[in-house]
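Residue numbering for the sequence shown is 252 to 439, as defined by the numbering used here. Quick reminder that beta carbons are idealized off the backbone N, C-alpha and C, glycines included. This report concerns only the one structure given below.
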Amino acid sequence: KVTPVMDGDNANVEVEVFVTNGKMGQYLQYTILDAEGNVVSNIATIITTLVALFTMSWKLAIVGLAVLPPYAFAECTALARIDLPPQLRVVGHTAFKHTALKTVTLPEGLETIGENAFNKCTALTEIVIPDTVTELGADIFNSCSSLTKVTLPDSLTVIPESMFEKCVLLGDFVFPSKTETVSESAFF
Numbered sequence: 252k253v254t255p256v257m258d259g260d261n262a263n264v265e266v267e268v269f270v271t272n273g274k275m276g277q278y279l280q281y282t283i284l285d286a287e288g289n290v291v292s293n294i295a296t297i298i299t300t301l302v303a304l305f306t307m308s309w310k311l312a313i314v315g316l317a318v319l320p321p322y323a324f325a326e327c328t329a330l331a332r333i334d335l336p337p338q339l340r341v342v343g344h345t346a347f348k349h350t351a352l353k354t355v356t357l358p359e360g361l362e363t364i365g366e367n368a369f370n371k372c373t374a375l376t377e378i379v380i381p382d383t384v385t386e387l388g389a390d391i392f393n394s395c396s397s398l399t400k401v402t403l404p405d406s407l408t409v410i411p412e413s414m415f416e417k418c419v420l421l422g423d424f425v426f427p428s429k430t431e432t433v434s435e436s437a438f439f
């Protein structure tokens, strides 16, 4: 469902996406619905909606998904906020690379975050990785130049390669209590 939101002179678009067959390696399918839940077929409305999606900051809510496929939202440069479902277990590699995410709440129960998942999210300032995450890929936050604070699960034993490379604003960093290995290039 795509909903234009007017706040004075400011326009915004809220997008609700229902995922069909959202399994690893498959494409997500999007359907644009009007306020009553009917499929939008008017070409002018579709064009207006697509222009709005690519020119305005937008928020996304995903419903009923356990695995977010690789590249799911990569290069969606207007994506500023996303609400992830509580049943999400895997964020595929490169899922949010080079988006405008400012905030993201990762659900408890999440187990894996693939490599490059948040790479080049230059607006991202803070993130909490839930205690249930046991596997992190390389380069997850590489080039997140606005990132100032990261909370990692205490159970994390390895800080992956290039995890915080080019995170120039990352301040005090507290290593998880069970960290055994910090990859050589984790912070470079």
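Residue i - partner residues in DSSP beta bridges
i    : result
L403 : Answer is none; L403 lacks a bridge partner.
L387 : I364
I380 : In DSSP, I380 forms no bridge with anything.
V318 : V341
T432 : V409
Residue j beta carbon less than 8 Å from that of residue i
i    : j    : result
L357 : A374 : no
V355 : L319 : no
T383 : I410 : no
C418 : F392 : yes
A317 : L335 : no
E412 : S396 : no
L398 : P427 : no
K400 : N370 : no
Burial state of residue i, where buried means 16 or more other Cβ atoms lie within 10 Å
i    : result
G441 : The displayed coordinates of the chain run from 252 to 439. Any statement about residue 441 would go beyond what the structure contains.
E326 : exposed
G315 : exposed
L361 : buried
P321 : buried
N272 : With a pLDDT of only 39 at N272, under 50, the local geometry of the prediction cannot be trusted, and the value read off the model is given with reservation. Exposed, by the Cβ-count rule.
F424 : exposed
Residue from the options with nearest C-alpha to residue i
i    : options                : result
T328 : R340, D334, A346, P336 : A346
T363 : H344, T376, C395, K371 : H344
V379 : C372, A368, P404       : P404
P381 : I333, F324, E359, P337 : E359
Contacting residues, own chain, Cβ-Cβ under 6 Å from residue i (five flanking each side not counted)
i    : result
E366 : H344, G388, A389, D390
Same chain only: Cβ atoms within 7 Å of residue i, ignoring 5 sequence neighbours per side
i    : result
F415 : F392, L421, A437, F438
T385 : E362, S406
T402 : V379, I380
Short CB-CB distance (under 8 Å) between residue i and chain D
i    : result
E435 : Chain labels in this structure do not include chain D; a single protein chain is all it has.
Contacts around residue i, its chain only, beta-carbon distance under 8 Å, and the 5 residues preceding and following it disregarded
i    : result
T432 : T408, V409, I410
A368 : V342, G343, H344, T345, A346, F347, K348, G388, I391
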